[in-house]
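Below is one structure; the comments refer to it alone.
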Amino acid sequence: MLDSDIQGIDQTVAFGAGLRHHVRKYAAQAGAIRVLILTTPHQSDLGLELAETLGGSAAGIFSKAAMHTPTDITEEALQHLNEAGADAVLSAGGGSTIGLGKALALRAPLVQIALPTTYAGSECTPILGQTENGVKSTMSDPKLRPDVVLYDPELVTTLPVPMTVTSAINAMAHAVEALYAKDRTEATDALAVQGLKAFHEGLPAVLEDPSDLHAREETQKGAWACGTVLGQVGMALHHKLCHTLGGALNLPHAETHAIILPHATSYNWPAAQTELAPVAKMFGAEEPGEALWNFATSLGAPTSLQALGVAETDLDRVAALAAQNPYWNPRDITQDGIRALLQRAWDGTAPQP
Ligand code: NAD
Numbered sequence: 003m004l005d006s007d008i009q010g011i012d013q014t015v016a017f018g019a020g021l022r023h024h025v026r027k028y029a030a031q032a033g034a035i036r037v038l039i040l041t042t043p044h045q046s047d048l049g050l051e052l053a054e055t056l057g058g059s060a061a062g063i064f065s066k067a068a069m070h071t072p073t074d075i076t077e078e079a080l081q082h083l084n085e086a087g088a089d090a091v092l093s094a095g096g097g098s099t100i101g102l103g104k105a106l107a108l109r110a111p112l113v114q115i116a117l118p119t120t121y122a123g124s125e126c127t128p129i130l131g132q133t134e135n136g137v138k139s140t141m142s143d144p145k146l147r148p149d150v151v152l153y154d155p156e157l158v159t160t161l162p163v164p165m166t167v168t169s170a171i172n173a174m175a176h177a178v179e180a181l182y183a184k185d186r187t188e189a190t191d192a193l194a195v196q197g198l199k200a201f202h203e204g205l206p207a208v209l210e211d212p213s214d215l216h217a218r219e220e221t222q223k224g225a226w227a228c229g230t231v232l233g234q235v236g237m238a239l240h241h242k243l244c245h246t247l248g249g250a251l252n253l254p255h256a257e258t259h260a261i262i263l264p265h266a267t268s269y270n271w272p273a274a275q276t277e278l279a280p281v282a283k284m285f286g287a288e289e290p291g292e293a294l295w296n297f298a299t300s301l302g303a304p305t306s307l308q309a310l311g312v313a314e315t316d317l318d319r320v321a322a323l324a325a326q327n328p329y330w331n332p333r334d335i336t337q338d339g340i341r342a343l344l345q346r347a348w349d350g351t352a353p354q355p
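Numbered by this note's numbering, the letters in the sequence shown go through residues 3 to 355 in order.
This is how it looks when you write it as structure tokens:
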């Protein structure tokens, strides 16, 4: 059944249970003739299902998408793309798979179709992070934003509950930082609040019944709003810290975001009280970091870097790295302040401004 279509920025965006069965129609409407399907190894069955749906439009399946978009995998996929004569990619998966689609669109003129299966939101942005020889670099180019995004809530029902929670908080982090972004506008504020509201209302219902398609669709609408706002404004301390932790210690992406968000929010609160007031109000505490902490812990989100395997002796190095290369943040970044924040995140104790 097709549900409501929403027009995003230079994108066709649609929501609806079973939408993946209509992918051939959307591909044809976007002018695609031969579509290479991309997945991770873990989601190769989804690739097979989509190849059947695409029928004669399918140009093969490449199932080696990996975290942080390694360029050697992209080069291998590019060879498949050229050999198959594909003029389009269908990226079916989370941020890693959608990242591979973007990396291919950087190297060849392509129609990009995304079928997101997490809440990370990469499908809404023109941003690509790639890794070469262990070094990750990030770029932004309008041609990287997928042309068509199909949100099929049935595809997120397979996300295990812990991943559902961490992926959702990863998405919420985009909206929280958008609220105090230097380049925010009334429109981005509204989008950020819309995204947070969708998760605030939808996520508890998803946890009660992970197969509830209505609640899953609500959370996907949150992912769309949070991802879209990520593509429109600059991020600050929270994203910088997560990238530093991820890069220096090779930590899992969504879990790291889930642990850090309440702490980064509390850190920034003294300098962004007005901007963060909607978060405090929506999640029901005086201080927004505490409000997010209460929400995250009520959902069973991870709270401790120690439990992720981080050694306490690494915290000094991460604090020093995060305090380097000053970037804009509502509150001054001090190495001592970040070190104290990291200690609380490592211990798994509540955030403090
Ligand atoms: P992911 O894409 O790395 O997926 C993690 C694992 O979960 C994979 O094995 C995947 O196959 C599996 N998985 C995904 N969806 C599933 C489902 N519905 N059911 C069962 N298993 C499923 O995870 P992610 O958090 O979506 O993406 C993280 C990556 O995306 C990072 O590299 C991050 O930097 C990037 N990212 C980029 C942007 C951007 O705008 N460029 C935005 C957000 C995230």
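The beta-carbon is built from N, C-alpha and C at its ideal position, and this holds for glycine as well.
- Per DSSP, the unbroken beta strand (DSSP E) holding A61 starts and ends at 60-64.
- With fewer than 16 other Cβ atoms from the protein chains shown falling within 10 Å of its own Cβ, W330 counts as exposed.
- Minimum Cα-Cα distance from L106 among the listed residues Y182, V163, V37 corresponds to V37.
- In the DSSP assignment, I129 falls within the beta strand (DSSP E) that extends over 129-134.
- In terms of Cβ geometry, T221 and G204 form a close pair [threshold 9 Å].
- In the DSSP assignment, P111 falls outside any alpha helix (DSSP H) and carries neither an H nor an E.
- With respect to the 9 Å criterion, I115 and A32 are classified as neighbours on the basis of their beta carbons.
- Straight across, the Cα-Cα distance linking V113 with I262 is about 35 Å.
- A contact is defined here as three or more CB-CB pairs under 8 Å, and the region 180-191 fails this definition with respect to the region 143-155.
- Distances from the CB of T160 to the heavy atoms of ligand 1 include at least one below 8 Å.
- Under DSSP, no beta-bridge partner is assigned to M165.
- Residue pairing by DSSP puts I39 in a beta bridge opposite I63, L92.
- In the DSSP annotation of this structure, the continuous segment of the alpha helix (DSSP H) that includes A324 starts and ends at 317-325.
- A distance of 9 Å or more separates the beta carbons of Q132 and P206.
- Nearest C-alpha to R319 among A30, Q337, D89: Q337.
- Put simply, the backbone Cα of E288 is about 25 Å away from that of E257.
- The C-beta separation of S306 from W348 comes to about 7 Å, placing the pair in contact by the 8 Å criterion.
- 9 Å or more divides the Cβ of L181 from the Cβ of A60.
- Using a Cβ distance threshold of 9 Å, L21 and L117 count as a contacting pair.
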